[in-house]
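Notes for the one structure printed next.
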Amino acid sequence: MTELNFDALLVLSFGGPEGDEEVVPFLENVTRGRGIPRERLVQVGEHYFHFGGVSPLNRLNREIIANLESELAERGRDLPVYFGNRNWHPFGEDTAEQMSRDGVRRALVFATSAWGGYSACLQYNEDIRRIIAHLEDKGVEPIEFTKLRQFYDHPTFVRIMADALRESLDKVPAERRDATRVLFTAHSVPTAADEAAGGPEDSHLYSRQVAEASRLIAEAAGVAEYDVVWQSRSGNPRTPWLEPDIVDHTTALAEEGVRAVVVSPVGFISDHMEVIWDLDTELVDAARDLDVHVERTRTAGPEQDFAGMVVDIIDELVENDPPASLGEVTVQGCTVDGEACRPGCCQVSRPNSRTA
Numbered sequence: 518m519t520e521l522n523f524d525a526l527l528v529l530s531f532g533g534p535e536g537d538e539e540v541v542p543f544l545e546n547v548t549r550g551r552g553i554p555r556e557r558l559v560q561v562g563e564h565y566f567h568f569g570g571v572s573p574l575n576r577l578n579r580e581i582i583a584n585l586e587s588e589l590a591e592r593g594r595d596l597p598v599y600f601g602n603r604n605w606h607p608f609g610e611d612t613a614e615q616m617s618r619d620g621v622r623r624a625l626v627f628a629t630s631a632w633g634g635y636s637a638c639l640q641y642n643e644d645i646r647r648i649i650a651h652l653e654d655k656g657v658e659p660i661e662f663t664k665l666r667q668f669y670d671h672p673t674f675v676r677i678m679a680d681a682l683r684e685s686l687d688k689v690p691a692e693r694r695d696a697t698r699v700l701f702t703a704h705s706v707p708t709a710a711d712e713a714a715g716g717p718e719d720s721h722l723y724s725r726q727v728a729e730a731s732r733l734i735a736e737a738a739g740v741a742e743y744d745v746v747w748q749s750r751s752g753n754p755r756t757p758w759l760e761p762d763i764v765d766h767t768t769a770l771a772e773e774g775v776r777a778v779v780v781s782p783v784g785f786i787s788d789h790m791e792v793i794w795d796l797d798t799e800l801v802d803a804a805r806d807l808d809v810h811v812e813r814t815r816t817a818g819p820e821q822d823f824a825g826m827v828v829d830i831i832d833e834l835v836e837n838d839p840p841a842s843l844g845e846v847t848v849q850g851c852t853v854d855g856e857a858c859r860p861g862c863c864q865v866s867r868p869n870s871r872t873a
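Heads up, the sequence shown is in my numbering, so the first residue is 518 and it goes up one at a time.
Structural data, given as structure tokens:
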């Protein structure tokens, strides 16, 4: 086994509030620079207040970290794991300060996203550059950060999601199975951001990766027919976003005689707010009025095998092995200190592609 030559692993994520009093300050961080009034943020925070102001994201990421620590120990990899966020505590900058004080000089970064595109990839590079600047401003020892590659078509990710899809298909009531449709869903983004994803020579990288992951999972699960849909759009309603919306599409399917949908949240690695609110609450409520049964598959993040996949990707990097991938769409590789993987990749005028 090749020596790691890295001192730590940073799990870098979006962040989420953990109490009612944190919701609006968190949303102010998410929307900083957009001039959104506080009263509007209170309205936007409705789905957080519905759950006592608590996003499950931090808890779920801590579960992933515990699984990673277990997997690393099992494989004899001495690699402490740290946790940092973009928009809420623990902030990545604060975590990096602690890492520096602990003697970390070369760190790997696992960003909690499987995809390319601005919000899914490039924005995490921006986070890393901001963290590096923060360490310099604080006058502490610098850290070199290497962000791990994307994993949308990793065999382990595909297998976990395919197993989950088969399980959910088996739960559909027998009398509805002949009128069931499988829906793969991911976070919508502005069409301009998707066009920029991958750069001028590889555009629409995000939507193409989502479509390819959906194809691979469906094939592995033995599903011949399915639809790729989108959810959780926000911002100016006049701005074009990826469509169809999952609720609109389910409504159209009901009019065609579909009586059950099995929803695979392929775009999300954990059951965070976009899953438990947009799917388990809003979609389920809308589908009930349509007399459409909804089964939503589990996500991959809590699985121990998911942590094993992350460590496999680390070993790929250390051993300089080719990426384990099943798809035909570009997998963007590791980046160092937040540099883009290629000139002009995913550059677009800061899209409002996510608010929660």
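All residues carry an ideal CB built from backbone N, CA and C; glycine is no exception.
Asked, Found
"Please go through the same chain and pick out, in chain order, the residues whose beta-carbon is closer than 7 Å to the beta-carbon of Asp797, but skip the five residues on each side of it.", "Arg813"
"Is it buried or exposed, Ser587, if we count other Cβ atoms within 10 angstroms and call 16 or more buried?", "exposed"
"Please work out which residues of its chain come closer than 7 Å, Cβ to Cβ, to Ala703, disregarding the five sequence neighbours upstream and downstream, and give them in chain order.", "Val727, Trp747, Val783 and Gly784"
"Select from Arg776, Glu791, Gly550 and Glu718 the residue whose C-alpha is nearest the C-alpha of Ser751.", "Glu791"
"Three-state secondary structure (DSSP) at Tyr635?", "helix"
"To which residues of the same chain is Phe674 closer than 7 Å at the C-beta, ignoring the five residues directly before and after it?", "Ala631, Phe668, Ala817 and Met826"
"Note down, one range per segment and in chain order, each beta strand (DSSP E) of at least 3 residues found wholly within the segment 770 to 838.", "777 to 781 and 810 to 813"
"Let me check understanding here. Comparing Cα to Cα, which of Thr756, Arg683, Pro690 and Val778 lies closest to Asp744?", "Val778"
"May I ask you to verify whether the segment 522 to 537 touches the segment 609 to 628, counting CB pairs closer than 8 Å and requiring at least 3?", "yes"
"Run through DSSP, which three-state label would Asn575 get?", "helix"
"Which residues in the same chain as Thr768 place their Cβ atom closer than 8 Å to its Cβ, once the five residues preceding and following it in sequence are excluded?", "Ala803 and Leu807"
"Buried or exposed for Lys664, please, with buried defined as at least 16 other CB atoms from any protein chain shown within 10 angstroms of its CB.", "buried"
"For Ile487 versus Met616, is the C-beta distance shorter than 8 Å?", "With the chain covering only 518 through 873, there is no way to say anything about residue 487."
"For Ser749 versus Phe701, is the C-beta spacing smaller than 8 Å?", "no"
"Indicate whether Arg622 and Glu653 have their beta-carbon atoms separated by less than 8 Å.", "no"
"Going by DSSP in three states, Gln615 sits in which element: helix, strand or coil?", "helix"
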